[in-house]
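Input: a single structure, listed below in structure tokens.
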Amino acid sequence: MLRCFNDYVGFIVKYPFSKEGLTRFREITSERGIYINDLADSVMGKQLLQRAYEILSEAIMKNSITDDPDIGEDELLAHYIAVVLAAHLDKSLWRRFADVESKRFSSKLLLEDPDCVIYLAKEFGINAVRLRDLEVYDENLALAFDVGVRIWDYLRYMPKNDPYWKLVNRYLLRGWVLITYKDLVRLVEEAVEKKVIELISKAAENLDETRPLVDALNGMKELKEYKPGSTIKVKVQITGLTPPCMDSIINEIKTGGNPSHQARFAIAAYMLRRCHDLEGKPMEDCVDDVVNLFKTVADFDEKKTRYQVEHIAGLRGGHKFYMPPSCQEMNSLGLCPTNLGCGVKNPLQYTVKAIRKFQSMQQAHS
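The following block contains the structure:
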């Protein structure tokens, strides 16, 4: 038996959208005679409904989900009821909810042993095997990678807008893409997000039947009126060479944080372009600067970090020197603290304008 099954209730609550979670959800509703559409008609049902609304509301408004460890299997039910409620919201919020649920799932999966990670990956259609089962005996490969994933499964679930995941930047072996356990968890995260969206879409086919649930929650007015990305634009005065988005990522790194893959790619691409294109330094020195920045990150691995930074710099793989994401992309990823308030289209443009501004000031005082 897998170690992660030692606490079965804990497992299905952590991973409600696993096959075990879905099976147990159906068993519980059958055993207790629970009909989702009638939840508002009983005290117990109202409690479940309220908990589901809390999960959905926190996911939409705060981009997180706080677990309730005191209600056992009812927490599993609440996640599925939250899916039903999400179907009544604007479609733009479906993905937001699914994204938070998938990140909750992956954050817990990162703490599991490798066998459990591989097991759950296979549940979501990702055929993954340990490197030793592929008869890989190369010491360098064994140091860099943990598992192999079938190429078609990798392509199906890899994040699409991050060069880090492009196949040209990956090591292929007899139809297997070699990756780390952390990357495998990221693929599972993508699979969970798709699964949750599928469940919401299915629930959306029966909106009339589940409308009484929404009515019992005062129409979920706060969530229905919520518009993602509707925060106020903060106009920023250029006071330094580094744009606020990159400053924020740098601060997170220097304080021992764990920035996302997108944030890591963005700061690496920005610093490499700034160092090489604007400051005129040799690319090898620029790579060293970026690698040194990442040394304070909790999961720092110098060999892997250097390999990835060199890819972004165009020194490996397809030899493409990447640009940092546009401001619009940074904002959509939640990485723009000013909500497009800098008045530029790309973080590098901010630095170029800042350099020109300071040059003009120096000329004015000379």
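My numbering numbers the first residue of the sequence shown as 311 and each following residue consecutively.
Note that beta-carbon positions come from the ideal geometry of N, C-alpha and C, so glycine has one too.
All figures in this text were calculated on a predicted structure; none of them were measured in a lab.
inquiry  = Just to confirm the assignment, what range does the beta strand (DSSP E) spanning glycine 458 have?
reply    = 457-460
Glutamine 572 versus leucine 643: straight-line alpha-carbon distance, rounded = 8 angstroms
ask   = Should leucine 395 be labelled buried (16 or more other beta-carbon atoms within 10 Å of its own) or exposed?
value = buried
message = Looking only at its chain, what residues have a beta carbon closer than 6 angstroms to the beta carbon of arginine 616, apart from the 5 residues adjacent to it on each side?
response = Val601
key: Member of Val446, Tyr467, Glu449, Lys401 whose CA lies at the smallest distance from the CA of alanine 431   = Tyr467
For lysine 630 and glycine 624, the rounded distance between their alpha carbons = 4 angstroms
key: Neighbour-count burial assignment, aspartate 456, 16 or more Cβ in a 10 Å radius   = buried
message = Would tyrosine 481 and arginine 574 qualify as a contact pair, given that the criterion is a beta-carbon distance under 9 angstroms?
response = No, they are not a contact pair.
task = Taking only the alpha-carbon atoms, compute the straight-line gap between serine 511 and alanine 579 and give it to the nearest angstrom.
result = 37 angstroms
task = Say whether the stretch 355-374 touches the stretch 384-391, bearing in mind that this needs 3 or more beta-carbon pairs closer than 8 angstroms, one atom from each stretch.
result = Look at the beta carbons and you see the stretch 355-374 touching the stretch 384-391: at least three pairs across the two are nearer than 8 angstroms.
ask   = In three-state DSSP terms, what is valine 495?
value = Helix.
key: Straight-line gap, leucine 603 to isoleucine 577 (C-alpha atoms, nearest Å)   = 10 angstroms
key: DSSP state of leucine 551 mapped onto helix, strand, coil   = Coil, per DSSP.
task = Please go through the same chain and pick out, in chain order, the residues whose beta-carbon is closer than 7 angstroms to the beta-carbon of threonine 490, but skip the five residues on each side of it.
result = Phe455, Asp456
request  = Note down the Cα distance separating leucine 366 from aspartate 380, rounded to an integer number of angstroms.
outcome  = Each residue's alpha carbon lies about 18 angstroms from the other.
query = From arginine 666 to threonine 552, what distance separates their C-alpha atoms?
reply = Looking at the two C-alpha atoms, the distance is approximately 13 angstroms.
request  = Compute the distance between the beta-carbons of proline 554 and threonine 661, then report whether it is under 9 angstroms.
outcome  = no
inquiry  = Can you tell me which residues form a DSSP beta bridge with isoleucine 489?
reply    = Val457
Delimiting residues of the alpha helix (DSSP H) encompassing alanine 576 = 571-583
Residue from Pro326, Cys646, Leu658 with nearest C-alpha to alanine 388 = Pro326
Supposed contact pair phenylalanine 610 and valine 502 - C-beta distance, whole angstroms, cut 8 angstroms = About 27 angstroms; that fails the 8 angstroms criterion.
ask   = Roughly how many angstroms separate the alpha carbons of isoleucine 559 and isoleucine 622, rounded to a whole number?
value = 17 angstroms
query = Thinking just about the alpha-carbon of each residue, which of Asn479, Leu494, Leu453 is nearest to the one in arginine 460?
reply = Measuring from the Cα of arginine 460, the nearest candidate turns out to be Leu494.
request  = Spatial neighbours of aspartate 458 within its chain, please: CB distance less than 6 angstroms, with the 5 preceding and 5 following residues excluded, ordered by chain position.
outcome  = It is worth fixing the name first, because residue 458 is glycine in this sequence and not aspartate. Taken in chain order, the residues that qualify are Val439, Leu444, Trp486, Leu488.
task = Kindly indicate which three-state DSSP category valine 677 falls into: helix, strand or coil?
result = Examination of residue 677 is not possible in this model, given that the chain is present from 311 through 676 alone.
message = By the three-class DSSP mapping on this structure, what secondary structure does arginine 484 have?
response = coil
ask   = If you draw a straight line from the C-alpha of glycine 363 to the C-alpha of tyrosine 464, how long is it?
value = Strictly speaking, residue 363 in this sequence is tyrosine, with glycine absent from that position. If I take the Cα positions, the gap works out to 34 angstroms.
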